[in-house]
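Residue numbers (my numbering), protein chains in the order written: chain S, 2 to 315; chain C, 18 to 669.
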Amino acid sequence: MTKYAYYPGCSGQGTSQEYDSSTRAVCRALGVNLVDIPDWSCCGSTPAHTVDHLLSSALAARNLALAEDMDAAAVITPCPSCLTNLKAAVHRMSDREFRLQVNKLLDKPVDRSTPVKSVLQVLAEDVGSDAVAEMLPNKPLAGLKLAPYYGCIMNRPPEVMQFDDHENPTAMDKLMAALGAEVLPFPLKVECCGASFGIPRKDIVAKLSGKLLEAAAGLGAHAVVTACPLCQMNLDLRQGQASAAMGRKFQLPVFYYTQLLGLALGIPQSELGLSKLCVNPRLALDAMYAAQAEKREREAKSEADKQTLKAKAA
Amino acid sequence: MKIGVFICHCGSNIGGTVDAAKVAEAARAFPDVVFTSDTMYACSEPGQDGIIQAIKDNQLDGVVVSSCTPRMHEPTFRRTVERAGLNRFMFEMANIREHVSWIGKDKEANTNKAIELTGIAVEKLRQDQPLFAKQFDINKRVMVIGGGVAGIQAALDCADGDREVVLVERESTIGGKMAKLDKTFPTVDCSSCILGPKMVDVAQHSKIKLYAMSEVEEISGYVGNFEVKIKRKAPYVNWELCTGCGLCMEKCPSKKSKDRFNEQVGTTTAINIPFPQAIPKKAVIDPKFCIKLTKGKCGICAKVCPTKAIVFDQQEEIVSESVGAIVAATGYDLFDISKYGEYGGGRLPDVITGMQYERLLSASGPTGGHVKRPSDGKEPKTIVFVQCVGSRDKSVDRPYCSGFCCMYTAKQAILTKDHIPDSTSYVFYMDIRAPGKMYDEFTRRAMEEYGTQYVRGRVSMIYPKGDKLLVRGADTLMGTQVEVEADLVVLAAGAEASVGAPQLAEKLRISYDKYGFFMESHPKLRPVETNTAGVYLAGACQGPKDIPASVAQGSAAAAKVLALFAKDKLENDPMISFVDIKRCVGCGKCVQVCPFGAIKEVDFRGEPKAEVIETVCQGCGLCTATCPQGAIQLSHFTDNQILAEVNALCQL
Chain S
2 MTKYAYYPGC
12 SGQGTSQEYD
22 SSTRAVCRAL
32 GVNLVDIPDW
42 SCCGSTPAHT
52 VDHLLSSALA
62 ARNLALAEDM
72 DAAAVITPCP
82 SCLTNLKAAV
92 HRMSDREFRL
102 QVNKLLDKPV
112 DRSTPVKSVL
122 QVLAEDVGSD
132 AVAEMLPNKP
142 LAGLKLAPYY
152 GCIMNRPPEV
162 MQFDDHENPT
172 AMDKLMAALG
182 AEVLPFPLKV
192 ECCGASFGIP
202 RKDIVAKLSG
212 KLLEAAAGLG
222 AHAVVTACPL
232 CQMNLDLRQG
242 QASAAMGRKF
252 QLPVFYYTQL
262 LGLALGIPQS
272 ELGLSKLCVN
282 PRLALDAMYA
292 AQAEKREREA
302 KSEADKQTLK
312 AKAA
Chain C
18 MKIGVFICHC
28 GSNIGGTVDA
38 AKVAEAARAF
48 PDVVFTSDTM
58 YACSEPGQDG
68 IIQAIKDNQL
78 DGVVVSSCTP
88 RMHEPTFRRT
98 VERAGLNRFM
108 FEMANIREHV
118 SWIGKDKEAN
128 TNKAIELTGI
138 AVEKLRQDQP
148 LFAKQFDINK
158 RVMVIGGGVA
168 GIQAALDCAD
178 GDREVVLVER
188 ESTIGGKMAK
198 LDKTFPTVDC
208 SSCILGPKMV
218 DVAQHSKIKL
228 YAMSEVEEIS
238 GYVGNFEVKI
248 KRKAPYVNWE
258 LCTGCGLCME
268 KCPSKKSKDR
278 FNEQVGTTTA
288 INIPFPQAIP
298 KKAVIDPKFC
308 IKLTKGKCGI
318 CAKVCPTKAI
328 VFDQQEEIVS
338 ESVGAIVAAT
348 GYDLFDISKY
358 GEYGGGRLPD
368 VITGMQYERL
378 LSASGPTGGH
388 VKRPSDGKEP
398 KTIVFVQCVG
408 SRDKSVDRPY
418 CSGFCCMYTA
428 KQAILTKDHI
438 PDSTSYVFYM
448 DIRAPGKMYD
458 EFTRRAMEEY
468 GTQYVRGRVS
478 MIYPKGDKLL
488 VRGADTLMGT
498 QVEVEADLVV
508 LAAGAEASVG
518 APQLAEKLRI
528 SYDKYGFFME
538 SHPKLRPVET
548 NTAGVYLAGA
558 CQGPKDIPAS
568 VAQGSAAAAK
578 VLALFAKDKL
588 ENDPMISFVD
598 IKRCVGCGKC
608 VQVCPFGAIK
618 EVDFRGEPKA
628 EVIETVCQGC
638 GLCTATCPQG
648 AIQLSHFTDN
658 QILAEVNALC
668 QL
């Protein structure tokens with residue numbers, strides 16, 4: 002089994018434990034072997050990369066250096082922020098001068114660069130939506146209308162991230178469609194949710210996230226599905242603030258795509274952390290079950306009609 | 018041998034970073050040099066007169082000029098020495114501008130390098146022999162590749178100059194991009210009304226032979242004597258019998274064929290004539306959608322055709338034409354708008370290209386000139402035009418300006434107001450580039466008289482909102498973000514090189530740039546010529562051009578062809594290979610490597626020997642490098658001459 006060096010990231014330990022636990026559970030079920038990078042540390046995200054590229058890259062590179070000993074196919078992380086920092090560090094270190102400076106700061110220099118990928122990329126490319134569809138032929142998420150939201154940094158800048166289309170990504174769409182969900186043509190897939198402006202300028206985040214929720218609700222989505230802890234938090238935890246900013250009440254559950262994958266795979270809800278979501282996920286799941294029940298009823302009825310017709314004909 | 022050396026300052030071009038006087042002084046020490054001087058502009062009239070005077074005064078046998086690139090001025094100086102009574106090949110040039118003064122700033126090092134290059138030229142000249150050109154006949158027919166407006170103009174001008182013209186067009190009709198336009202800027206006159214008569218002239222001209230649905234397969238030969246193989250694709254219709262009555266189109270049950278003429282806005286029948294003014298007006302079957310060709314059933318067109326012209330088993334054929342000159346006028350293609358994922362082109366039905374909009378505006382278009390949006394056929398009231406889609410954008414590898422998009426967008430905004438008086442048009446632009454005659458006035462009219470809202474800034478995103486399209490962008494003059502709810506978005510797609518242009522360039526043996534546009538011989542002074550003698554360029558195949566520029570270039574190319582054909586004989590270049598028959602062992606290696614087929618094997622007293630066909634040899638030198646015996650030599654670049662140059666460099 003291919004081994005991947007897993008980088009959980011700090012939000013996985015705190016604000017998005019449900020993303021981390023559902024990712025681990027889903028990977029186990031899909032045969033993706035995750036081994037945590039031992040003694041991993043901060044990726045150099047928001048505070049570091051805004052003030053010092055060298056420090057930020059060195060923080061990321063420390064983790065890459067640790068991963069080198071693991072003989073893994075790739076370093077993978079669920080969090081797009083971590084992904085950006087790890088990939089940006091690799092990208093910057095392609096400059097020899099910069100690499101030397103980084104290595105000066107590290108106990109153990111980075112020699113070769115292990116590829117860095119998101120868990121989403123591994124699930125989309127190494128496992129593949131076709132294989133997922135084959136595993137789950139009965140389409141467990143049928144009837145669920147989803148607005149897929151990738152956030153602004155999962156695929157951008159394209160020359161660094163090198164995954165999917167940076168304006169119209171479809172990796173998550175395909176995975177969700179493989180589970181039977183109805184994926185809506187969500188136009189704001191890669192728009193900014195306001196990100197970490199939630200701390201200094203709540204008003205900006207409320208408005209930007211509000212726009213996303215409004216567009217998703219306008220399409221008739223039962224839920225939003227995300228791949229980013231910060232996006233999920235802004236849309237879910239701040240849904241009240243976003244509602245106030247837009248002058249209407251949103252009631253849209255915001256899932257991690259791994260939670261929905263986990264549900265489809267029959268992983269217990271406790272392990273997926275569904276109870277940690279702020280907007281009650283029941284709203285979406287009930288709509289889905291109702292749609293499934295209605296479909297079954299419709300099929301049963303048409304089957305019965307056929308039988309009656311047959312009986313009459315006979 | 019008496020040699021004179023002239024060092025050119027080229028103003029400050031060379032003089033600025035090379036000590037020309039010192040080079041001239043050093044040159045005096047080279048063997049056989051009896052006269053040296055430095056001159057401000059060697060190519061000027063007094064400069065050339067000085068050279069002639071020095072030749073006469075000192076009875077020189079050869080001349081070296083150290084100046085700029087031989088590509089530009091070698092012919093000039095060859096004529097100069099000839100005027101003084103020398104053979105034109107008793108002249109050598111050292112390039113101390115492009116190879117020295119323009120690339121280095123260190124005057125001492127530059128001066129030394131200039132001395133070395135001059136020394137090499139002197140050694141080469143010492144080995145030079147007078148060469149004499151031979152004359153050959155020329156075929157005074159011309160081939161024009163591409164039947165757009167530039168090709169049509171070139172063909173008509175050559176034909177009016179009483180020369181036979183072969184016009185090769187890839188599509189089933191001539192007319193090119195211009196035939197698809199509704200109106201032209203800045204006069205807003207009907208495009209097909211001004212092009213139509215010219216197309217008819219082509220069809221009726223006794224001197225023009227038109228091959229539609231044909232492509233150039235192979236080109237051999239040289240200026241004055243090209244041999245071109247043309248592939249005639251199968252239209253599945255015998256065009257000699259087809260009268261263009263259109264009955265087949267009326268009855269064809271397969272109506273899903275892509276309408277190429279209408280830019281895929283809508284579909285057409287599997288057998289069709291692209292548009293009413295098509296030349297030639299002949300039917301063509303689209304084999305992908307013809308039920309008879311795909312499933313073996315149907316055949317209705319064959320039943321209704323009054324002249325029995327349908328031939329389902331027609332095959333493509335190859336024909337050969339001999340011509341003396343070739344004009345390439347293969348035009349351009351539109352940029353693929355789906356490369357901008359954020360604009361949704363190709364994904365959202367109501368985001369279309371400017372050319373598609375042109376077909377919607379056209380009375381002969383799929384909607385009869387009524388603007389209807391593709392998704393639901395409703396008349397749009399708010400229309401957003403986005404400029405620079407696929408031009409001036411490095412991120413999609415199109416950093417160049419396409420030149421005409423500003424103008425056609427202004428034209429379309431004006432036409433929109435004429436078609437739908439209660440509509441509002443927005444144009445998102447980066448700059449307005451309207452440098453032609455009456456062009457700027459025209460864009461101003463769009464703004465001032467027709468009330469088009471020009472917003473300076475790029476559009477960041479287009480997405481559907483209900484049945485509208487939300488266009489988000491920036492107004493960089495106001496410093497604000499802008500959102501427009503549009504019914505229809507028209508992307509001004511930029512121009513790129515025509516599909517297959519690089520492949521054609523290789524067949525023509527002409528250069529092309531990294532975007533696939535053909536390269537002219539000199540960007541300013543030889544704009545319609547190529548570096549291959551007898552091959553000329555017209556229109557947008559050389560770079561994006563509007564109609565007036567394309568027509569002007571078409572006429573210019575024709576003038577060049579007629580000037581070439583004004584001579585009855587051409588002189589060949591004497592710098593070609595020759596075989597030392599005593600040394601040749603007849604191994605045939607030179608025959609194999611010659612890219613021009615200029616060497617043949619002959620029988621000489623019972624032994625095989627190589628022989629050079631003098632008019633075909635281009636003097637590339639591949640054979641001389643290949644010959645194991647050193648039996649084949651390139652005149653003016655013999656092994657001895659090159660060794661003399663190397664020796665000189667090693668000794669200096």
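For glycine and all other residues, C-beta sits at the position ideal for the given N, C-alpha and C.
Do the stretch 473-484 of chain C and the stretch 182-194 of chain S make contact, defined as three or more Cβ pairs closer than 8 Å? In short, these stretches touch, since the Cβ pair count reaches three.
Out of curiosity, what's the CA-to-CA distance linking C/Y228 and C/K124? Going by the C-alpha atoms only, they are around 59 Å apart.
Could you check whether C/F52 and C/A71 sit closer than 8 Å to each other, using their CB atoms as the reference points? For C/A71 and C/F52, yes; Cβs fall inside 8 Å.
Helix, strand or coil: which one does DSSP assign to C/R415? Note: C/R415 maps to strand in three-state DSSP.
Entirely within the stretch 32-56 of chain C and at least 4 residues each: give me those alpha helix (DSSP H) ranges in chain order. Whole alpha helix (DSSP H) segments, 4+ residues: 37-44.
With 8 Å as the threshold, decide whether the Cβ of S/N156 is near any Cβ in chain C. Not closer than 8 Å to any Cβ of chain C, the Cβ of S/N156 fails to qualify, so no.
Hey, is C/Y58's beta-carbon within less than 8 Å of any beta-carbon in chain S? Output row for C/Y58: interface = no.
Can you list, in chain order, the residues of its chain whose CB lies under 7 Å from that of C/G386, leaving out five sequence neighbours each side? By the criterion of a C-beta distance shorter than 7 Å, C/G386 is surrounded in its chain by L378, S379 and A380, once the five residues flanking it on both sides are discounted.
Please confirm whether S/T115 and S/V161 have their CB atoms less than 8 Å apart. Not closer than 8 Å, so no.
Quick check: the Cα distance between C/G517 and C/Y349, rounded to an integer number of angstroms? When the Cα atoms are used, C/G517 and C/Y349 turn out to be separated by approximately 10 Å.
Start-to-end residues for the beta strand (DSSP E) that takes in C/C307: Boundaries for C/C307: no beta strand (DSSP E) harbours it, and the DSSP string shows neither H nor E there.
Identify the contact partners of C/G358 in chain S, using a Cβ-Cβ distance below 8 Å as the criterion. The contacting residues are D166, H167, E168 and N169.
Under 8 Å by beta carbon: chain S residues contacting C/P481: Those are P186 and P188, listed as they occur along chain S.
Taking S/V225 and S/Y150 to be in contact with their CB atoms under 8 Å, please state how far apart those CB atoms are, rounded to whole angstroms. Confirmed, about 5 Å.
Would you identify the three-state DSSP class for S/D131, choosing helix, strand or coil? Of the three classes helix, strand and coil, the one that applies to S/D131 here is helix, per DSSP.
If the criterion is Cβ atoms closer than 8 Å, does the pair S/A62 and S/V103 meet it? Pairing S/A62 with S/V103 gives a Cβ-Cβ distance under 8 Å.
Using a Cβ distance threshold of 8 Å, determine whether the stretch 575-585 of chain C contacts the stretch 606-620 of chain C, with at least three qualifying pairs required. No: fewer than three Cβ pairs fall under 8 Å.
What number of angstroms, rounded off, separates the C-alpha of S/L180 from the C-alpha of C/K197? Going from the Cα of S/L180 to the Cα of C/K197 covers about 46 Å.
Considering only the beta carbon of each residue, do S/V27 and S/T259 sit closer than 8 Å? Yes, Cβ-Cβ distance for S/V27 and S/T259 is below 8 Å.
What's the call for C/D174, buried or exposed, on a 16-neighbour Cβ count within 10 Å? Under this definition C/D174 is a buried residue.
The alpha helix (DSSP H) with C/R114 in it runs from where to where? Bounds of any alpha helix (DSSP H) do not take in C/R114, whose DSSP letter is neither H nor E.
Give the straight-line distance between the Cα atoms of S/G129 and S/L176, rounded to the nearest whole angstrom. Distance between the alpha carbons of S/G129 and S/L176 is about 8 Å.
Counted within 10 angstroms of its Cβ, other Cβ atoms place C/R249 as buried (16 or more) or exposed: Answer is buried; the Cβ neighbour count reaches 16.
Taking 8 Å as the threshold, find out whether the stretch 434-444 of chain C comes into contact with the stretch 462-472 of chain C through three or more Cβ pairs. Contact between the stretch 434-444 of chain C and the stretch 462-472 of chain C is present, because at least three Cβ pairs lie under 8 Å.
Residues bridged to C/M13 by DSSP? No statement about residue 13 of chain C is possible, as the shown extent of chain C runs from 18 to 669 and does not include it.
If you measure between the beta carbons of C/T97 and C/I69, is that distance less than 8 Å? Yes, Cβ-Cβ distance for C/T97 and C/I69 is below 8 Å.
Taking only the alpha-carbon atoms, compute the straight-line gap between C/G283 and S/P141 and give it to the nearest angstrom. Counting only the Cα atoms, S/P141 lies some 39 Å from C/G283.
Under the three-state DSSP convention, the category C/S594 falls into: In this structure, C/S594 counts as strand in the three-state DSSP scheme.
When you compare only the Cα positions, how much space is there between S/L236 and C/L351? In a straight line, the C-alpha of S/L236 is about 41 Å away from that of C/L351.
Which residues mark the beginning and the end of the beta strand (DSSP E) in which C/G79 is found? That run of the beta strand (DSSP E) goes G79 to S84.
If C/L521 sits next to C/G551, beta carbons under 8 Å apart, how far is it from one beta carbon to the other, in whole angstroms? The Cβ separation is near 15 Å, so there is no contact.
Within its chain, find whatever has a CB closer than 6 Å to the CB of C/H222; leave out the 5 residues flanking it on each side and keep chain order. Only A176 meet the Cβ criterion.
Work out the CA separation of C/V301 and C/E188 for me, nearest whole Å. Approximately 10 Å, taken between the alpha carbons.
According to DSSP, is C/A300 helix, strand or coil? Shown here, C/A300 sits in coil according to DSSP, grouped into three states, outside any helix or strand.
Are C/I236 and C/L525 close, meaning C-beta to C-beta below 8 Å? Yes. Within cutoff.
Along the chain, where does the beta strand (DSSP E) that runs through S/Q293 open and close? Where S/Q293 is concerned, there is no enclosing beta strand (DSSP E), although the alpha helix (DSSP H) around it starts and stops at R283 to A314.
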